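Numbering-wise (UniProt numbering), the sequence shown opens with residue 1 and increments by one. Notes for the one structure printed next.
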Amino acid sequence: MKFSKIILSVFMMIMGGYVFAQKKAEKFEKLQIEMFPKAKEGFKQVYIQLPIAKNENDLKVEFFIGAEKMLDCNKHFLIGKVNSQDLQGWGYNYYEVESKGETGGTLMACPDQKLTKKFVYLQPETVRYNSKLPLVFYIPKDMEVRYRILRPDVMKKAVQK
Numbered sequence: 001m002k003f004s005k006i007i008l009s010v011f012m013m014i015m016g017g018y019v020f021a022q023k024k025a026e027k028f029e030k031l032q033i034e035m036f037p038k039a040k041e042g043f044k045q046v047y048i049q050l051p052i053a054k055n056e057n058d059l060k061v062e063f064f065i066g067a068e069k070m071l072d073c074n075k076h077f078l079i080g081k082v083n084s085q086d087l088q089g090w091g092y093n094y095y096e097v098e099s100k101g102e103t104g105g106t107l108m109a110c111p112d113q114k115l116t117k118k119f120v121y122l123q124p125e126t127v128r129y130n131s132k133l134p135l136v137f138y139i140p141k142d143m144e145v146r147y148r149i150l151r152p153d154v155m156k157k158a159v160q161k
């Protein structure tokens, strides 16, 4: 009797984990990215798969393409640009980065000359949220893509003088 209770308990835990994993998997649609071109020499392909969300028309995605570098106290940015390309025959977009990894920045005097690790990036871009399509990027091998989801705030009324 004791053995059957243990077996039943283990079975219930396994089934519970399976159901939980299935529910978690349902929050994402399986994306196909095989139709996108292969990365060129010196570049890598990265993509963002967004989860299914309520009211996707209200959301935006802001992405940052950059690299971590040891920098001083100045405000720095990465020099280059992001080009949106059309995937011929599919109507999808993907993004190609033109950058050699060079940085620009302000010219403030940094009294301690201390360097700290910072994420410097190209001009961020904002695109519409769409969980059905991947955001595909071709970036230099030493860079990465970070993103955040922008959600609307409660509408507020301006103050009249």
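Beta carbons are placed, not taken as given, at the ideal position from N, Cα and C, and that holds for glycine. Only a predicted model underlies this, so the values are computations on that prediction, with no experimental measurement involved.
Do residue i and residue j have their C-beta atoms closer together than 7 Å?
| i | j | result |
| --- | --- | --- |
| Tyr147 | Ile48 | yes |
| Phe63 | Val136 | no |
| residue 162 | Tyr95 | Only positions 1 to 161 of the chain appear in the structure, and residue 162 is not among them; the question remains open. |
| Val120 | Lys81 | no |
| Pro124 | Phe43 | no |
Does residue i come out as helix, strand or coil in the three-state DSSP assignment?
| i | result |
| --- | --- |
| Asp86 | strand |
| Asn93 | strand |
| Glu102 | coil |
Return the first residue and the last residue of the beta strand (DSSP E) that residue i is part of.
| i | result |
| --- | --- |
| Phe36 | Looking at the DSSP string, Phe36 is not in any beta strand (DSSP E), and its letter there is neither H nor E. |
| Ala158 | Counting along the chain, Ala158 falls outside any beta strand (DSSP E), and DSSP gives it neither H nor E. |
| Gly66 | 60-71 |
| Ile52 | Counting along the chain, Ile52 falls outside any beta strand (DSSP E), and DSSP gives it neither H nor E. |
For a cutoff of 7 Å on Cβ pairs, would you count residue i as touching chain B?
| i | result |
| --- | --- |
| Glu41 | The question asks about chain B, but that chain is absent: this structure has only one protein chain. |
Does residue i pass the burial test, meaning 16 or more other C-beta atoms within 10 Å, or should it be called exposed?
| i | result |
| --- | --- |
| Leu87 | exposed |
| Tyr66 | Going by the sequence as given, residue 66 is Gly instead of Tyr. Gly66 should be labelled buried. |
| Val159 | exposed |
(message) Taking contact to mean 3 or more Cβ pairs, one atom from each stretch, closer than 8 Å, check whether the segment 98-112 and the segment 52-61 are in contact.
(response) no
(message) So, does the segment 124-136 touch the segment 72-79, judging by three or more C-beta pairs under 8 Å?
(response) Flag = no, the segment 124-136 and the segment 72-79 do not touch.
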